[in-house]
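Enquirer:
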Amino acid sequence: MQEKIENLIREVLKKLDIEVKDIFLEHPADLKMGDFSTNVAMTVAKKNKTNPKELAEKIVASLKPGFGNLQKPGFLEKIEAKNGFINFYLLQDFFVDSIKEILENKNFGQNNLFVNKKIMVEYTDPNPFKPFHIGHLMTNAIGESISRIVEFSGAKAIRANYQGDIGPHVAKAIYGLLKFGMPDEDKSIPQKARYIGELYAKGNDAYEADKNAKKEIDEINQKLYDRSDEKINGIYDWGRRVTLEAFEEIYKILGTSFNYYFFESLVAPIGEKIVQENKNVFEKSDGAVIFHAEKYDPKLHTRVFINSKGLPTYETKELGLSKMKFEKENPDISIVVTANEQGEYMKVVQKALELINPEYASKMKHIVHGMMRLASGKMSSRKGNVITGESLLLESCGQILEKIKDRDFTDEEKKQVSEEVGVAALKYSILKQNIGGDIIYDAEKSISFEGDSGPYLQYSYARANSVLEKAKKENMLPGFVFLKPGFGDLQKPGFFEPISEVEKLLYRFPEIVFKSAQEFEPHYIANYLIELARAFNTYYGNTKIIDKDDSASPYKVALTLAFSIVIKNGLYLLGIKAPERM
RNA sequence: GCCCUUGUAGUUCAAUGGAUAGAACAGAGCUCUUCUAAGGCUUCGAUGUAGGUUCGAUUCCUACCAAGGGCACCA
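For the first sequence, my numbering gives the first residue as 64, with consecutive numbering after it.
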């Protein structure tokens with residue numbers, strides 16, 4: 064359709080003897096201003112120093128029948144010039160056809176942007192021995208959504224989770240466990256994991272406040288690398304298993320499953336080897352091995368790759384990880400999703416990788432998202448003022464459970480619905496905004512169940528579904544026949560169903576998905592779905608969809624079905640489930 | 001000090017250089033004998049400051065102000 068309109072404009076401009084390179088077509092911000100519009104008159108007027116409004120009117124006049132030998136094109140209802148823009152209104156047929164297309168294709172919205180491409184997405188990255196905090200929830204929501212969006216765009220997505228199972232943070236947690244003792248045997252896995260997270264915070268406090276503790280923790284860290292202490296090995300293996308199992312329970316609720324789990328303990332030696340083999344890139348300084356990135360780019364800075372104790376830092380591990388990813392899967396694009404606090408250091412690592420292996424570096428893409436912040440300041444698991452992702456999830460789901468307690472659901476259904484809706488509330492609040500921006504977490508407001516929210520979208524879907532259930536019972540099948548009347552019937556008032564905003568938005572879904580994929584930005588989909596759901600709810604509010612006496616009723620059912628398909632696909636792309644009832 | 005993000009209604013977020021800057025929450029007021037009121041309909045209310053580029057700037061450039069992050073052995 065876009066092409067048709069573009070060609071039409073080209074044809075007219077040619078007739079008017081106007082040269083133009085690109086024709087920029089967009090959807091006007093307001094549906095009242097047509098389905099497509101172009102600012103071509105303004106750009107041309109600028110070049111030729113003529114009046115844009117007059118030119119727009121001239122173009123429109125030339126597009127209309129009875130002027131010259133151009134016929135009014137069959138696919139347009141109306142063309143108008145307004146404020147220098149040229150607006151195109153599509154014919155009803157186009158919208159009805161688009162509804163048919165949606166009903167024929169349950170995967171409506173897919174595109175070919177990444178066809179035959181393999182894209183690895185690394186996200187979530189919680190560390191064993193530390194709590195699963197809100198930041199992990201955020202990275203998970205974004206990474207999962209991006210994975211689904213690239214899949215919907217033809218890519219083979221490979222989900223990877225990179226976890227720091229070695230390093231000072233582990234030593235701190237183990238120091239805490241040695242000092243304060245192990246948790247009771249009969250506690251649940253999440254309880255044990257929570258306990259380990261608390262002791263990590265204590266270990267960290269001790270590390271900063273107490274010199275002896277610092278020394279002890281450094282020793283534990285060294286022993287962990289060497290695996291030289293039987294007792295520490297035992298605690299380590301146990302704690303690693305417990306925290307990883309606790310994470311799995313959270314992934315299950317969130318609806319994520321990974322193809323790969325990478326661990327720092329495994330990539331560290333690979334990274335160390337890379338650093339040793341590239342002496343031309345790295346330098347020795349104060350007993351450490353460092354990389355002077357500012358030599359290559361003044362905006363970058365120096366970072367330590369091997370510390371003065373001979374232990375590899377995160378930078379080195381990251382090099383090892385990259386190598387491992389490419390050797391295992393050789394992705395066309397290797398995406399890493401993290402919070403922006405890692406943005407600067409990641410650029411340094413990327414620069415180092417560029418010197419070591421330019422091919423790998425060119426395929427890496429680091430997506431940074433904002434931080435989840437408290438009004439009172441930054442959350443840090445080191446300080447212990449974190450709201451864990453787990454507790455937030457439980458709270459969100461709990462609030463839903465309270466809300467549906469009187470509904471006609473079995474206990475099993477209640478649990479499932481409250482989980483699906485609770486997760487939706489959280490994920491939507493993360494995904495509705497630009498990836499880059501911080502999210503200010505407010506316990507009162509951040510989890511929203513009404514208005515601009517995940518549950519609102521789910522509710523709209525459940526409503527549509529309920530209409531469709533009723534339609535099935537009453538044998539009201541989706542249909543279009545009534546819209547193909549004899550020519551004379553066109554005049555019959557009330558025969559045609561006016562095209563609503565729902566149709567005008569539905570056909571745009573694939574464009575939105577495409578844009579989201581191109582920019583790796585899920586929020587376009589989130590915003591689109593809200594607009595669509597709002598249009599449907601308005602339609603629903605003043606339309607009786609199932610009505611045996613209404614010849615348009617089959618079409619209304621078809622429209623409802625099309626809406627339910629699109630909203631379900633859209634929610635899927637956000638990583639949100641669409642319950643049939645809620 | 002240098003570098004990276006970000007400044008839009010009271011609050012949380014939108015707006016490929018375009019039209020009257022959109023929503024939601026909060027506030028005021030309607031609305032369930034119709035398919036789910038987690039809904040619908042009214043209403044009040046905003047581009048950090050100062051310049052610049054442009055027919056046109058929330059968007060691009062410069063400076064300033066403010067918030068967050070990073071800047072050598074944490075991740």
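Virtual Cβ for every residue (Gly too), placed ideally from N, Cα, C. Being a predicted model, the structure only gives us computed values, none of them experimental.
Is the distance from the Cβ of E476 to the Cβ of T319 below 8 Å?
Expert: no
Enquirer: Name, in chain order, the residues that DSSP records as bridge partners for Y225.
Expert: F325
Enquirer: According to DSSP, what are the bridge partners of L139?
Expert: L153
Enquirer: Check the DSSP bridge columns for M435 and list the partner residues they point to.
Expert: I502
Enquirer: When burial is assigned at 16 or more other CB atoms within 10 Å of the CB, is G350 buried or exposed?
Expert: Around the Cβ of G350, a 10 Å sphere holds fewer than 16 other Cβ atoms; the residue is exposed.
Enquirer: For the candidate residues E392, E89 and K358, whose alpha-carbon lies nearest to that of Y323?
Expert: E392
Enquirer: Using the three-state DSSP reduction, which class does H90 fall into: helix, strand or coil?
Expert: coil
Enquirer: Counting along the chain, where does the beta strand (DSSP E) carrying V352 start and finish?
Expert: A351 to H355
Enquirer: With burial defined as no fewer than 16 other Cβ atoms inside 10 Å of the residue's Cβ, what is the status of G557: buried or exposed?
Expert: Its pLDDT being 42, under 50, G557 is placed unreliably by the model, and the measurement read from it follows with that caveat. The residue in question, G557, is exposed, as its Cβ has fewer than 16 Cβ neighbours within 10 Å.
Enquirer: With distances taken from CA atoms, which of T623, L595, R211 and R303 is nearest L540?
Expert: T623
Enquirer: Does the contact criterion of 3 or more C-beta pairs under 8 Å hold for the stretch 483-498 versus the stretch 455-475?
Expert: With the cut-off at 8 Å, the stretch 483-498 and the stretch 455-475 touch.
Enquirer: Below 8 Å, can you find three or more Cβ-Cβ pairs linking the stretch 627-636 to the stretch 601-615?
Expert: no
Enquirer: Which of helix, strand or coil does DSSP assign to H586?
Expert: helix
Enquirer: Using C-beta distances below 7 Å, list every residue in its chain close to V83, excluding the 5 sequence neighbours before and after it, in chain order.
Expert: L76, V103 and V107
Enquirer: Measuring CA to CA, which of E407, S614 and Y238 is closest to N267?
Expert: Y238
Enquirer: From T473 to M645, what distance separates their C-alpha atoms?
Expert: Straight through space, the alpha carbons of M645 and T473 are spaced by roughly 12 Å.
Enquirer: Does the Cβ-Cβ distance between V576 and F599 come in under 8 Å?
Expert: The answer is no: Cβ separation not under 8 Å.
Enquirer: Cα separation between E327 and A218?
Expert: Distance between the alpha carbons of E327 and A218 is about 27 Å.
Enquirer: In angstroms, rounded to a whole number, what distance separates the CA positions of S100 and A596?
Expert: 24 Å
Enquirer: Could you tell me which of H432, K286, E532 and K468 sits nearest to H646, measuring between CA atoms?
Expert: This structure cannot speak to residue 646, because the chain is shown only from 64 to 645.
Enquirer: Can you tell me which of the three DSSP states K278 falls into?
Expert: In the structure shown, K278 sits in a helix (DSSP, three-state: H, G or I).
Enquirer: Per DSSP, F195 is paired with what?
Expert: DSSP, once it has assigned bridges, lists no residue as partnering F195.
Enquirer: By the three-class DSSP mapping on this structure, what secondary structure does P375 have?
Expert: strand
Enquirer: In this structure, what does DSSP give as the bridge partners for R366?
Expert: Paired residue(s): F354.
Enquirer: In three-state terms, what does DSSP make of K347?
Expert: DSSP places K347 in strand when its eight states are reduced to three.
Enquirer: Does DSSP put A218 in a helix, a strand or coil?
Expert: coil
Enquirer: Could you say which of G230, N528, G172 and L569 lies nearest to E214 if we only look at CA atoms?
Expert: G172
Enquirer: Are the beta-carbon atoms of F310 and P189 separated by less than 8 Å?
Expert: yes
Enquirer: I259 and G302: beta carbons closer than 8 Å?
Expert: Between I259 and G302, the CB-CB gap stays under 8 Å.
Enquirer: Going by DSSP, what residue range makes up the alpha helix (DSSP H) through S616?
Expert: S616 to L636
Enquirer: Between I182 and the ligand SAM, is the CB less than 7 Å from at least one heavy atom?
Expert: Only the bare structure without any ligand can be found here, which leaves the ligand SAM out of the picture.
Enquirer: Out of curiosity, what's the CA-to-CA distance linking L364 and A234?
Expert: The amino acid at residue 364 is misidentified as Leu; the sequence shows His. Taking the straight line joining both Cα atoms gives about 28 Å.
Enquirer: With respect to the alpha helix (DSSP H) encompassing A256, which residues constitute its N-terminal and C-terminal limits?
Expert: I252 to A272
Enquirer: Contact between the stretch 606-615 and the stretch 527-537 is defined here as three or more beta-carbon pairs at a separation below 8 Å; is this criterion met?
Expert: yes
Enquirer: What did DSSP end up calling F243 once you bin it into helix, strand or coil?
Expert: helix
Enquirer: I'd like to know whether the C-beta atoms of I398 and K428 end up nearer to each other than 8 Å.
Expert: yes
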